[in-house]
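Under this note's numbering, the first residue of the sequence shown is numbered 26, with each subsequent residue one higher. Just so you know, even glycine gets a beta-carbon here, dropped at the ideal spot from N, CA and C. Owing to the predicted nature of the structure, the values given are computational and were not obtained by experimental measurement.
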Amino acid sequence: SRRYGVSLEALYSVNNGFNKETRLSLGQSVNIPTARKIVNVKNLSDVAKAMGLSEAFVKQWKKAEDAPNTPDNKFHNKPYTDEAGVLTIGIGHAIQNDKDKQEILKKYGDFNLTNAEVCELFASDLLEAEENISAIIGQNNYDKMPQAMKEALLDMVFNKGNPIIKETEGLAYCLKTGKYEAAINKFTNIKSTNTGKEMSGLAKRRIFDISIATKMYDGKIPASNVATVQSLYNKGVQLLKEECEAKGKNFADQIVGYNEDIQRYFGDRIELKYTTE
26 SRRYGVSLEA
36 LYSVNNGFNK
46 ETRLSLGQSV
56 NIPTARKIVN
66 VKNLSDVAKA
76 MGLSEAFVKQ
86 WKKAEDAPNT
96 PDNKFHNKPY
106 TDEAGVLTIG
116 IGHAIQNDKD
126 KQEILKKYGD
136 FNLTNAEVCE
146 LFASDLLEAE
156 ENISAIIGQN
166 NYDKMPQAMK
176 EALLDMVFNK
186 GNPIIKETEG
196 LAYCLKTGKY
206 EAAINKFTNI
216 KSTNTGKEMS
226 GLAKRRIFDI
236 SIATKMYDGK
246 IPASNVATVQ
256 SLYNKGVQLL
266 KEECEAKGKN
276 FADQIVGYNE
286 DIQRYFGDRI
296 ELKYTTE
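As structure tokens, this is what we get:
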């Protein structure tokens with residue numbers, strides 16, 4: 026996978042029967058899928074063009090990853106620890122082990138990336154996520170998906186990791202068969218990959234994903250999807266209160282910003298809370 030610059034999921038897809046337990050033997054043939062490369066990416070506009078996404082969506086994605094008030098040209102050029110305790114650099118690129126560190130060092134020389142290098146890394150991460158999604162559900166099924174669903178899945182896989190589609194019961198089936206309303210209702214994984222605990226920030230991120238996916242309905246969002254968002258929001262508020270108590274933060278202050286984000290994603294469709302009583 027590393028040698029040819031293709032994802033493991035893509036390798037599994039073109040080699041029937043391959044999985045993470047597969048052991049190769051001397052002389053065995055392995056099919057290598059065509060590798061796509063990220064080139065000439067220097068800013069968010071270039072990221073959008075390279076991935077076939079709108080620039081507005083890419084900027085919205087960056088704000089969801091960073092913070093709503095972060096300027097478009099402001100990046101995490103050096104490593105930082107995100108709210109889940111994961112060492113991160115750039116736009117949500119997790120550095121979870123020594124192998125991740127070595128790959129960044131090999132590619133960029135140090136951990137002080139330029140803005141252009143941050144954007145290149147972001148585009149590479151998106152490309153890997155897209156390749157893994159299409160490998161899991163099939164390229165034809167991926168190609169015929171509405172653009173809004175592609176974008177939402179890209180964010181969820183980017184945020185939660187490549188296994189999320191397989192680990193979410195029934196999600197791959199819904200995507201393969203075009204049952205998109207049902208698929209959206211499965212965007213409910215709010216457990217931290219690092220700690221295994223549910224987090225208010227991840228509840229908000231799933232609501233962001235659903236807001237993107239439901240754009241395919243041109244404002245006529247199915248009631249079941251709205252109900253899923255309401256449930257995620259209610260759970261997120263409960264978690265936010267618990268997190269504030271644990272960290273000694275003022276819940277009344279925190280819920281204001283939380284609600285502003287939810288309103289930006291879903292307008293007045295969701296019943297907002299300002300207390301948990």
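Candidates S79, L51, K88 and K131: closest to E116 by CA position: Reading off the sequence shown, one finds Ile at residue 116, where the question assumed Glu. Comparing Cα positions, the closest option is K88.
Same chain, Cβ closer than 6 Å to L239, neighbours up to 5 away in sequence not counted: Residue identity check: residue 239 is Thr in the sequence provided, not Leu. So the qualifying residues of the chain are I246 and N250.
For E223, the three-state DSSP class (helix, strand or coil): strand
Rounded separation between K45 and E192 - CA only: One C-alpha to the other measures close to 15 Å.
Bridge-paired residues (DSSP) for Y167: Per DSSP, none; premise fails for Y167.
C-alpha gap between A119 and A252, whole angstroms: Rounded to the nearest angstrom, the two C-alpha atoms are 31 Å apart.
Inter-stretch contact at 8 Å, needing at least 3 Cβ pairs: the segment 33 to 45 / the segment 154 to 161: yes
Unbroken stretches of the alpha helix (DSSP H), 4 residues or longer, contained in the segment 208 to 288: 225 to 238 and 248 to 272
Simplified DSSP state of Y105, which is helix, strand or coil: strand
T220, buried or exposed, once every other Cβ within 10 Å from all chains shown has been counted against 16: Burial state of T220 is exposed, judged by a 10 Å Cβ sphere holding fewer than 16 other Cβ atoms.
Supposed close pair T218, G186 - CB separation, criterion 8 Å: Indeed they touch by this definition, with Cβ atoms about 6 Å apart.
Status (buried if at least 16 other CB within 10 Å, exposed otherwise) for G282: exposed
Three-state secondary structure assigned by DSSP to I114: It is a strand residue.
Neighbour-count burial assignment, Q53, 16 or more Cβ in a 10 Å radius: exposed
Contact check, I237 vs E176, beta carbons under 8 Å: yes
Opening and closing residue of the alpha helix (DSSP H) in which Y198 lies: L196 to K201
8 Å Cβ cutoff met for L69 and D97: yes
According to DSSP, residues forming a beta bridge with A119: T113
Cβ contact check for the segment 204 to 215 and the segment 223 to 230: 3 or more pairs under 8 Å: yes
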